[in-house]
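Residue numbers (full-length UniProt numbering), protein chains in the order written: chain H, 1 to 226; chain R, 1 to 221.
Everything below concerns the one structure shown next.
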């Protein structure tokens, strides 16, 4: 093999790489927050007494978890315009990532909610707290606290999977990598550098998510488990 | 431009065979690699442990798509013909082996330490203990997440479409390019993926309930 690596050819494009990394983070954070919101709503549907709500949330979770993100992305990006709803590449990317993360979060949050002992709910009822208040102030915070590690690793996996949205040309790190390698024909170097940046993003997200846990779950902090 | 017909559905189903073939390759290759890595992770040699752990960290900390690009372009650097299926099989194998390693290491370490100690007090070597005592017992906890990860593998094969390998997702793109009916085409593609993945998910869940009696958290994208 007589190949000389020339990383300088790639590092010349550093502003593009930085912008790509920022965009990847922005996509991920939006999908994370919106996906968690869907997850909370989805989980409360999954455990609701209404059969219809349970069935809808269950179908959503199963469909999303058993089809590839790439196909979901194509459905949003190419399929929705056929229904008259035209999305930009970034909108389609964020929508697909949110839709995807929502389903995984639903299952994780549901597991958290179900892990809360019935006696907590009975105690709240006996104190005259309404069902909604019990859910919002008693069950949900403790449930989220318990499954937070699972949520956090799911979010990191989602950030990595977001590289797929480059397939429709959404402007994030992988798409910029592709653009750079089409200009300088240094594919290996470009993707090695991209891999390194993603590795950095993975650690950054882990630190950020740990910081969020530190602030959000003071009880965990007191127990020394964060 | 023409309409989406049963002929196209047949084409998609034929392409789905490549999705299955690639999944199988990744499962077998990833399983072998994962077994080796899992043993490395619990090895008493520190260098082996760190090496295996480093490999897993890097593979799990970078996107599969980037790994796939590296192999796809890397193979062409070695002077071989650009062969998307080889690149996809290698990338998926190496990616899956990192995840299998972690799943199986967890299963091995879930076996009580006393089993190791009593086996060694009976004069069994470390390898004999692992092979005859630990592995048969760790099969039970390992099975549900292993089947669960097979679902991830099937879904991950769709990335091979992005280096031009004509499996199910790429076939969907091709049919869409001719018919320009994205909604029915990609819905059909999604249904075929679902038909492959859902039974595996259900099996994983059933196995999980049988082993633990409570639900696990299945992760992945």
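For glycine and all other residues, C-beta sits at the position ideal for the given N, C-alpha and C.
Nearest-angstrom Cα separation, counted from residue 100 of chain H out to residue 82 of chain H: Walking along the first chain from the start, residue 82 of chain H turns up at place 82. Walking along the first chain from the start, residue 100 of chain H turns up at place 100. Rounded to whole angstroms, residue 82 of chain H to residue 100 of chain H spans 21 Å at the Cα level.
Beta-carbon neighbours of residue 133 of chain R, restricted to chain H and to distances below 8 Å: In the second chain, residue 133 of chain R corresponds to position 133, counting from 1. Within chain H, no C-beta atom comes less than 8 Å from the C-beta of residue 133 of chain R; the nearest is roughly 30 Å away.
Closer than 9 Å at the beta carbon, the chain R residues around residue 51 of chain H: Along the first chain, one-based indexing puts residue 51 of chain H at 51. The contacting residues do not exist; residue 51 of chain H stays about 20 Å from chain R at best.
Proximal chain H residues relative to residue 162 of chain R, where beta-carbon distance stays under 9 Å: In the second chain, the residue the question calls residue 162 of chain R occupies position 162. Identification of chain H residues near residue 162 of chain R by a Cβ-Cβ cut-off of 9 Å yields 70, 164, 166 and 167, ordered along the chain.
Segment limits, alpha helix (DSSP H) that includes residue 79 of chain R: As a working mapping, residue 79 of chain R is identified with position 79 in the second chain. For residue 79 of chain R, no alpha helix (DSSP H) run applies, since DSSP gives it neither H nor E.
C-beta neighbour in chain R for residue 3 of chain H, strict 7 Å: For this step, residue 3 of chain H is matched to residue 3 along the first chain. Yes, contact with chain R.
Whole-number beta carbon distance between residue 169 of chain R and residue 189 of chain R, since they are thought to touch under 8 Å: Residue 189 of chain R sits at position 189 when you count from the first residue of the second chain. Residue 169 of chain R sits at position 169 when you count from the first residue of the second chain. Confirmed, about 6 Å.
Min CB distance residue 20 of chain R to chain H below 7 Å: Walking along the second chain from the start, residue 20 of chain R turns up at place 20. Not one chain H Cβ lies under 7 Å of residue 20 of chain R.
Contact with chain H by residue 146 of chain R, beta-carbon distance below 7 Å: Within the second chain, numbered from 1, the residue matching residue 146 of chain R stands at position 146. In terms of beta-carbon proximity, residue 146 of chain R stays away from the interface with chain H, with every pair separated by 7 Å or more.
Partner residues on chain R for residue 191 of chain H, Cβ-Cβ distance less than 8 Å: By 1-based counting over the first chain, the position of residue 191 of chain H is 191. Those are 66, 69, 70 and 73, listed as they occur along chain R.
Residue-level contact to chain R via CB, residue 45 of chain H, 7 Å cutoff: Along the first chain, read from residue 1 onward, the residue named residue 45 of chain H stands at position 45. It does not: the Cβ of residue 45 of chain H has no partner Cβ on chain R nearer than 7 Å.
Residue environment, residue 40 of chain H, which counts as buried when at least 16 other CB atoms sit within 10 Å: Here residue 40 of chain H corresponds to residue number 40 of the first chain, with the count starting at 1. When all chains shown are included, residue 40 of chain H counts as buried.
Beta-carbon proximity check, residue 27 of chain H vs residue 162 of chain H, cutoff 7 Å: Along the first chain, one-based indexing puts residue 27 of chain H at 27. Along the first chain, one-based indexing puts residue 162 of chain H at 162. In this structure, residue 162 of chain H lies closer than 7 Å to residue 27 of chain H by Cβ.
Selected residue, minimal CA-CA separation from residue 91 of chain H, among H:169, H:180 and H:5: The count along the first chain starts at 1 and reaches residue 91 of chain H at position 91. Looking at the Cα atoms, H:169 is the closest of the given residues.
Cutoff 7 Å: residue 193 of chain R Cβ touching any chain H Cβ: What you label residue 193 of chain R is simply residue 193 of the second chain in a count that begins at 1. Yes, residue 193 of chain R counts as interfacial toward chain H.
Endpoints, alpha helix (DSSP H) assigned at residue 119 of chain H: Position 119 of the first chain, counted from the start, is the residue given in the question as residue 119 of chain H. Element bounds for residue 119 of chain H: 118-126.
Validate contact between the stretch 168-186 of chain H and the stretch 101-113 of chain H using beta carbons, cut 8 Å, 3 pairs: These segments do not touch.
Inter-stretch contact at 8 Å, needing at least 3 Cβ pairs: the stretch 21-30 of chain R / the stretch 89-105 of chain R: Contact between the stretch 21-30 of chain R and the stretch 89-105 of chain R is established, with three or more Cβ pairs separated by less than 8 Å.
Contact list for residue 186 of chain R against chain H, beta-carbon separation under 7 Å: Translated into the one-based positions of the second chain, residue 186 of chain R becomes position 186. Residues of chain H passing the Cβ test: 71, 74, 75, 78 and 79.
7 Å Cβ cutoff, residue 63 of chain R in contact with chain H: Along the second chain, one-based indexing puts residue 63 of chain R at 63. Taking 7 Å as the CB threshold, residue 63 of chain R lines the interface with chain H.
Of the listed residues R:166, R:139 and R:78, nearest to residue 4 of chain H (C-alpha basis): Residue numbering aside, residue 4 of chain H sits at position 4 when the first chain is read from its first letter. Comparing Cα positions, the closest option is R:78.
Reference residue 105 of chain H; option with closest CA among H:51, H:156 and H:18: Counting from 1 along the first chain, the entry for residue 105 of chain H is found at position 105. If you compare the alpha carbons of H:51, H:156 and H:18 with that of residue 105 of chain H, the shortest gap goes to H:156.
Neighbour list for residue 118 of chain H in chain R, Cβ cutoff strictly below 7 Å: Position 118 of the first chain, counted from the first residue, corresponds to residue 118 of chain H. Residues of chain R with a Cβ closer than 7 Å to the Cβ of residue 118 of chain H do not exist, since the nearest Cβ in that chain sits about 15 Å away.
Cutoff 7 Å: residue 198 of chain R Cβ touching any chain H Cβ: The residue you call residue 198 of chain R lines up with position 198 of the second chain. Among the CB atoms of chain H, one or more fall inside 7 Å of the CB of residue 198 of chain R.
Presumed contact (8 Å Cβ cut-off) between residue 163 of chain R and residue 63 of chain R, rounded CB distance: Within the second chain, residue 163 of chain R is the residue found at index 163, counting from 1. Within the second chain, residue 63 of chain R is the residue found at index 63, counting from 1. Rounded, the Cβ-Cβ distance is 14 Å, inconsistent with contact.
Chain-ordered neighbours of residue 63 of chain H on chain R, where CB pairs are closer than 7 Å: Along the first chain, one-based indexing puts residue 63 of chain H at 63. Within chain R, the residues near residue 63 of chain H are 194.
Counted within 10 angstroms of its Cβ, other Cβ atoms place residue 136 of chain R as buried (16 or more) or exposed: Within the second chain, the letter at position 136 stands for residue 136 of chain R. Exposed is the call here.
Chain R contacts from the stretch 193-204 of chain H (Cβ-Cβ distance under 7 Å): Going along the stretch 193-204 of chain H in chain order, one finds 194, 195, 198, 199 and 202 with a Cβ nearer than 7 Å to chain R.
Coarse secondary structure for residue 122 of chain R, derived from DSSP in three states: The count along the second chain starts at 1 and reaches residue 122 of chain R at position 122. Residue state, collapsed to three classes: coil.
CB contact check: residue 77 of chain R to chain H, cutoff 7 Å: Within the second chain, numbered from 1, the residue matching residue 77 of chain R stands at position 77. By this cut-off, residue 77 of chain R is an interface position.
Selection from H:180, H:123, H:64 and H:122 that minimises the alpha carbon distance to residue 96 of chain H: Residue numbering aside, residue 96 of chain H sits at position 96 when the first chain is read from its first letter. Out of H:180, H:123, H:64 and H:122, H:64 has the C-alpha closest to the C-alpha of residue 96 of chain H.
Close beta carbons around residue 231 of chain H, own chain, < 7 Å, minus the five adjacent residues each side: Because chain H in this structure spans residues 1 to 226, residue 231 of chain H falls outside the shown range and cannot be described.
Buried versus exposed call for residue 121 of chain R [16 or more other C-beta atoms within 10 Å across all chains shown]: If you number the second chain from 1, residue 121 of chain R lands on position 121. The residue in question, residue 121 of chain R, is exposed, as its Cβ has fewer than 16 Cβ neighbours within 10 Å.
DSSP state of residue 47 of chain H mapped onto helix, strand, coil: Here residue 47 of chain H refers to the residue found at position 47 of the first chain. Secondary structure of residue 47 of chain H (DSSP, three-state): coil.
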